[in-house]
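As they're listed, the protein sequences go chains G and S.
In terms of our numbering, the first sequence has 22 at position 22, counting the first letter as 1, and numbering is strictly consecutive.
Position in the second sequence (first residue = 1) + 1000 = our numbering.
Everything below concerns the one structure shown next.
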Amino acid sequence: MTHDDLKDLTMALHDGQLSPSDKAIAESHLAGCPECRRELESWKRTAKALFHEVPVAPSEMFVQRVMRGIESQDRPTALARSAAWERPSAWARLRSLSGPRWAWAGALAAAVAALWLFLPRSPVRFVSAEKPDIAAEMSDVSVDAIGSETDGYGTTVEAYWL
Amino acid sequence: MMEDERRVVREALSGDREAFASIVRAHEVRVRSLCLSILRNPAEADDAAQDVFIKAYKNLSSFRFESSLSTWLYRIAHRRCLDILRSGSRRRTEPLDAMDGEVFQEKAPPERGDAERILAVLSPEERLVLTLREVQGLTYEEMAGVLDTTLDGVKGRLKRARKTLRVKARHLFEPAAVQRVKETTP
Chain G
1 MTHDDLKDLT MALHDGQLSP SDKAIAESHL AGCPECRREL ESWKRTAKAL
51 FHEVPVAPSE MFVQRVMRGI ESQDRPTALA RSAAWERPSA WARLRSLSGP
101 RWAWAGALAA AVAALWLFLP RSPVRFVSAE KPDIAAEMSD VSVDAIGSET
151 DGYGTTVEAY WL
Chain S
1001 MMEDERRVVR EALSGDREAF ASIVRAHEVR VRSLCLSILR NPAEADDAAQ
1051 DVFIKAYKNL SSFRFESSLS TWLYRIAHRR CLDILRSGSR RRTEPLDAMD
1101 GEVFQEKAPP ERGDAERILA VLSPEERLVL TLREVQGLTY EEMAGVLDTT
1151 LDGVKGRLKR ARKTLRVKAR HLFEPAAVQR VKETTP
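Put into structure tokens, the structure is as follows:
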């Protein structure tokens, strides 16, 4: 056993974690090694000065605080479910907004218009290949074929951007 | 003892709030004491301890009785305290020192008067391992359970933490400095 091992053993002795045989070895080493004795004494003083337990008294108030914390964590989900019907309608929420109502309504209308103008169109319908003019009549805008496919009855249909 | 623990845990899992309250009652002193020893601020320690029990409540179904309930709670507490120590948004620690009966004299030289400053040389992990051993008096085996490591792992961590304290704070461990701190400790 090296001197470092024996030093570790003396610290384990301080920790009270040695078997009877190791305890005897550590005590015997300490008796003959001033360096380890000094180091152990130094550590004992340090530990006593820095690591002291502050007494904590049992507290029913703390227990109740924990239980309230648990209840409040459980509650939001239950409340969210039970109170859903109590939520204000969209119109009620709009009415509750600060500022003139017409301004909010105008902003909403402008947003809808912007969406309508700038979002890409999707093919609105499939029109029979023989009658692309019907699609043109219906939309008053140019009609571009973007694809075709065969429907369930064997008729070829084409898709147009309207 | 273990059987009682199993029964209470089962009751708590079945939704019996009073059963969980009895778990809190049985372990709150040790958990709060651990948090206080590490965080050294009573209000912060109680907040942390509350978080520990709430987390334990939420994760009770994952408790497999592989360790004692107290070791499991200590493990949660150790992680919570480490998070707080690492977060860097700590509250001031003076309240504990004040509660200790003015452990550190006001007129002490700033470079050596404050236990908090001495302990600051330790990493959160080192501080925690020394607290578990020196304050809470856990055995190596219990520490292995809390720190989720082996017995050799515990010994290695303890050795490194003690060495850090000795090396980095050597100037603070002159007999006079230690004696002064000791004299003012209740």
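Just so you know, even glycine gets a beta-carbon here, dropped at the ideal spot from N, CA and C.
Bear in mind the structure is a predicted one, so any value in this text is a computation, not a measurement.
Spatial distance of residue i from residue j (CA atoms)
i, j, result
"S1014 (chain S)", "V1167 (chain S)", "52 Å"
"R1030 (chain S)", "T1149 (chain S)", "21 Å"
"Y1057 (chain S)", "R1079 (chain S)", "16 Å"
"L1045 (chain S)", "H14 (chain G)", "Sequence inspection shows Ala at residue 1045 (chain S); the Leu mentioned does not correspond to that position. So the two alpha carbons sit approximately 28 Å from each other."
"E173 (chain G)", "R1040 (chain S)", "Residue numbering for chain G in the displayed model covers 1 to 162; residue 173 (chain G) lies beyond these limits and cannot be assessed."
"R1117 (chain S)", "K1163 (chain S)", "17 Å"
"C1035 (chain S)", "C1081 (chain S)", "7 Å"
"I70 (chain G)", "S19 (chain G)", "44 Å"
"N1059 (chain S)", "W104 (chain G)", "46 Å"
"S139 (chain G)", "A110 (chain G)", "Per-residue confidence for S139 (chain G) stands at a pLDDT of 45, beneath the threshold of 50, marking its modelled position as unreliable; the derived number appears in the next sentence. One C-alpha to the other measures close to 23 Å."
"H1027 (chain S)", "R1017 (chain S)", "16 Å"
"F1063 (chain S)", "S21 (chain G)", "37 Å"
"F62 (chain G)", "S1087 (chain S)", "24 Å"
"W1072 (chain S)", "K1159 (chain S)", "24 Å"
"L1128 (chain S)", "G32 (chain G)", "33 Å"
"I1084 (chain S)", "R1075 (chain S)", "14 Å"
"E1005 (chain S)", "E1141 (chain S)", "20 Å"
"L9 (chain G)", "R1007 (chain S)", "41 Å"
"P1095 (chain S)", "L50 (chain G)", "Since pLDDT at P1095 (chain S) reaches only 42, below the 50 mark, its modelled position is unreliable, and no value is offered."
"L30 (chain G)", "R1010 (chain S)", "50 Å"
"F1020 (chain S)", "A107 (chain G)", "53 Å"
"S1067 (chain S)", "L115 (chain G)", "60 Å"
"S72 (chain G)", "R1025 (chain S)", "19 Å"
"G1156 (chain S)", "E1003 (chain S)", "34 Å"
"A1144 (chain S)", "D74 (chain G)", "33 Å"
As assigned by DSSP and simplified to three states, the class of residue i
i, result
"D15 (chain G)", "coil"
"T10 (chain G)", "helix"
"F51 (chain G)", "coil"
"F62 (chain G)", "helix"
"E1066 (chain S)", "coil"
"A1077 (chain S)", "helix"
"T46 (chain G)", "helix"
"D1148 (chain S)", "coil"
"M1 (chain G)", "coil"
"P1110 (chain S)", "The predicted model places P1110 (chain S) with a pLDDT of 33, which falls under 50 and marks its position as unreliable; any figure quoted below should be read in that light. Note: P1110 (chain S) maps to coil in three-state DSSP."
"L1122 (chain S)", "coil"
"V112 (chain G)", "helix"
"A103 (chain G)", "helix"
"P123 (chain G)", "Confidence is the limiting factor: at P123 (chain G) the pLDDT is only 47, short of 50, which leaves the residue's position unreliable, though a coordinate-based value still follows. Three-state DSSP puts P123 (chain G) in coil, outside helix and strand."
Residues that residue i contacts on chain S, provided the C-beta gap is smaller than 7 Å
i, result
"W43 (chain G)", "R1162"
"T5 (chain G)", "At residue 5 (chain G) the sequence reads Asp, which differs from the Thr that was named. What D5 (chain G) touches in chain S: nothing, since even the nearest Cβ is about 11 Å away."
"T2 (chain G)", "By Cβ distance, chain S contributes nothing, its closest Cβ being about 14 Å from T2 (chain G), past 7 Å."
Beta-carbon neighbours of residue i, restricted to chain S and to distances below 8 Å
i, result
"I25 (chain G)", "The premise fails here: I25 (chain G) is roughly 16 Å from chain S at the closest Cβ pair, so nothing lies under 8 Å."
"F51 (chain G)", "S1037, L1130, T1131, E1134, V1135"
"D8 (chain G)", "K1155, K1159"
"D15 (chain G)", "R1133, Y1140, L1158"
Extent of the continuous alpha helix (DSSP H) run through residue i
i, result
"R1017 (chain S)", "1017-1039"
"G1156 (chain S)", "1151-1168"
"G32 (chain G)", "20-32"
"E1134 (chain S)", "From DSSP, E1134 (chain S) is part of no alpha helix (DSSP H); its letter is neither H nor E."
"L1013 (chain S)", "1002-1013"
"L1060 (chain S)", "Careful: L1060 (chain S) lies outside any alpha helix (DSSP H) and carries neither H nor E."
"A1115 (chain S)", "1115-1119"
Partners in chain G for residue i, counting only beta-carbon separations shorter than 7 Å
i, result
"V1009 (chain S)", "Going along chain G, no residue has its Cβ under 7 Å from V1009 (chain S), so there is no contact; the nearest lies around 15 Å."
"S1033 (chain S)", "E53, V56"
"A1021 (chain S)", "V63, M67"
Contact set between residue i and chain S, taken where Cβ atoms lie within less than 9 Å
i, result
"P58 (chain G)", "R1025, E1028, V1029"
Beta-carbon neighbours of residue i, restricted to chain G and to distances below 8 Å
i, result
"A1115 (chain S)", "A49, L50"
"T1150 (chain S)", "Going along chain G, no residue has its Cβ under 8 Å from T1150 (chain S), so there is no contact; the nearest lies around 14 Å."
"I1054 (chain S)", "V66, G69, I70, Q73"
"L1119 (chain S)", "L50"
Per-residue contacts from residue i into chain G (C-beta, under 9 Å)
i, result
"D1046 (chain S)", "S59, F62, R65"
"R1017 (chain S)", "M67, I70, E71"
Looking at C-beta atoms only, is the number of pairs between the region 1118-1125 of chain S and the region 27-40 of chain G that lie closer than 8 Å three or more? no
With contact counted as at least three CB pairs below 8 Å, one residue from each stretch, are the region 1048-1055 of chain S and the region 56-68 of chain G in contact? yes
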